[in-house]
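Residue numbers (this note's numbering): 0 to 200.
Everything below concerns the one structure shown next.
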Amino acid sequence: MRSDVPSCPQLSRAAEYLPEVLRPAIEKHRDEAEDLRSLPGGLLDDLRANGAFRLNTPSELGGFELPLAATTALIERLARIDGPTAWIVWNLTAGFVAAFLSEASVDRVWADGPDPMIAHSSQPGFLVPSDNGFRLSGEWKIVSGADAAQWLGLLALVMEDGRPRMTEVGPDWRFRLVPRSSVTVRDTWHSDRRSIRGLPP
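What follows is the structure, encoded as structure tokens:
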């Protein structure tokens, strides 16, 4: 296990308690996050150690395995504390992908415990068949939390002879999970955090 990853034991509390458990840490780091334009490491550690990134992870991997409605309701409660924090939690909570991965891939992604942070984007890239499978390329915009993520889930269109590969139901789309170290993150997004605060209590 990597030494820089917080220990994340099986949690005894239910997911519904997370917003209030996390409130002190979120409020403590809120101004720092605004200055940094990203969540501080201390806040990310608190979120991760309390299970905020395992909302959709299967229970056999240590996750809460919440249904979509329960997940969105919990994210809404987090947003009433701080909108940007809730947004990052939402975009780094993609444990449901375990259901679509091979056992070997699950072992790799969850090697450090039940809390891999997986940022994702629906902006499409391109997959070109190669001798070893596919070569992925492209530019994905608005991948919130990419700097903190360990993995990126990226949508891509399979191309053959310069054209999209077609299936019986339309273009061949694939969702690829790649290590954060395999991509370059360009800081091109600027937004005033204060403009997305202010949900009623």
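Glycine included, each C-beta is placed from N, C-alpha and C at the ideal position.
No experiment lies behind these values; they were computed from the predicted model shown.
Kindly give me the distance between the Cβ atoms of residue i and residue j, rounded to whole angstroms, as I take these residues to be in contact under 8 Å.
i	j	result
L17	L73	6 Å
A155	G132	Incorrect: roughly 12 Å between the Cβ atoms, too far for contact.
V108	W150	6 Å
L38	I87	6 Å
L100	A51	With a Cβ gap of about 21 Å, L100 and A51 do not count as contacting.
For residue i versus residue j, is the C-beta spacing smaller than 7 Å?
i	j	result
L60	P113	yes
P57	A93	no
F63	A14	yes
R79	L126	no
Can you give me the C-alpha to C-alpha distance between residue i and residue j, rounded to a whole angstrom?
i	j	result
I25	E31	10 Å
L91	D160	34 Å
N49	M158	41 Å
L35	R29	10 Å
Q122	W139	5 Å
R76	G41	21 Å
A104	P83	One point to set straight first is that residue 104 is Ser, not Ala, in the sequence displayed. Taking the straight line from one Cα to the other gives about 30 Å.
A148	L65	21 Å
R12	A85	20 Å
G124	D130	19 Å
V177	P23	33 Å
D186	G169	34 Å
Among the candidates the options, whose CA atom is the shortest distance from the CA of residue i?
i	options	result
F95	L38, L54, P123	L54
S180	P128, A48, A118	A118
E19	L46, E33, R36, L35	L46
P128	V182, L176, R164, A147	R164
D146	V182, E33, R162	V182
Is it buried or exposed, residue i, if we count other Cβ atoms within 10 angstroms and call 16 or more buried?
i	result
V142	buried
E167	exposed
A68	exposed
T71	exposed
G144	buried
D81	buried
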